[in-house]
């Protein structure tokens with residue numbers, strides 16, 4: 001959330017460039033400038049009053065071409081800007097902001113993994129425009145639709161453990177946030 005508004009980005013074709021904000025106080029939607037890179041199965045998070053959108057895929061299916069694009073929306077200027085892309089191109093990623101950093105977990109489309117899942121866990125520093133590889137997820141997952149920060153821990157519940165949408169899990173992974181970005 002930024003200034004009480006919930007931002008929604010991307011979607012399956014042909015809606016992949018859609019970007020909008022919902023204001024729960026007025027129960028209204030505002031259509032905003034399109035995502036520069038239309039996609040779905042992306043990671044998004046609000047950090048420092050801006051919306052960060054990373055990764056995703058272009059098509060509707062599991063085998064669709066993926067992107068590592070990282071784009072940032074400034075709601076004051078109503079503009080998008082490109083930043084340093086994800087270190088590994090992937091879709092079905094989860095993203096969350098914590099301590100001024102963007103954390104991106106997992107994803108699918110990894111041909112080097114027997115189940116097609118990425119174990120990667122990366123931290124992005126918006127102030128230096130750099131990515132840092134962190135310890136791999138104990139259980140590689142994709143499609144985690146919600147995550148939360150509680151008492152300094154990022155909670156990553158569930159997620160798929162093999163390529164596609166039929167592999168849900170009950171795994172609950174946590175990561176201790178010890179880094180602060182922008183300081």
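Numbering (UniProt numbering), first residue to last: 1 to 183.
Backbone N, C-alpha and C fix where the C-beta goes; we use that ideal spot for every residue, glycine too.
Values in this document were obtained by computation on a predicted structure and should not be read as measured data.
In angstroms, rounded to a whole number, what distance separates the CA positions of residue i and residue j?
i: residue 78; j: residue 32; result: 8 Å
i: residue 108; j: residue 4; result: 32 Å
i: residue 91; j: residue 52; result: 15 Å
i: residue 123; j: residue 21; result: 25 Å
i: residue 151; j: residue 110; result: 32 Å
i: residue 175; j: residue 158; result: 14 Å
i: residue 12; j: residue 39; result: 7 Å
i: residue 26; j: residue 170; result: 36 Å
Please list the terminal residues of the continuous beta strand (DSSP E) segment that includes residue i.
i: residue 97; result: 94-98
i: residue 81; result: 79-83
i: residue 25; result: No beta strand (DSSP E) holds residue 25; DSSP gives it neither H nor E.
i: residue 71; result: 70-74
i: residue 132; result: 130-133
i: residue 121; result: 121-125
i: residue 46; result: 43-47
i: residue 101; result: 101-105
i: residue 148; result: 148-150
Does residue i get closer than 9 Å to chain B when you measure Cβ to Cβ?
i: residue 173; result: Checking the listed chains, one finds no chain B in this structure; it contains a single protein chain.
By the 10 Å Cβ neighbour count, where 16 or more other Cβ atoms means buried, how is residue i classified, buried or exposed?
i: residue 135; result: exposed
i: residue 131; result: buried
i: residue 65; result: exposed
i: residue 126; result: buried
i: residue 146; result: exposed
i: residue 23; result: exposed
i: residue 163; result: buried
i: residue 144; result: buried
i: residue 47; result: buried
Which same chain residues, not among the five before or five after residue i, have their C-beta less than 7 Å away from its C-beta?
i: residue 37; result: 67, 69 and 71
To the nearest whole angstrom, what separates the beta carbons of residue i and residue j, a pair I think is in contact under 8 Å?
i: residue 140; j: residue 113; result: 7 Å
i: residue 95; j: residue 54; result: 6 Å
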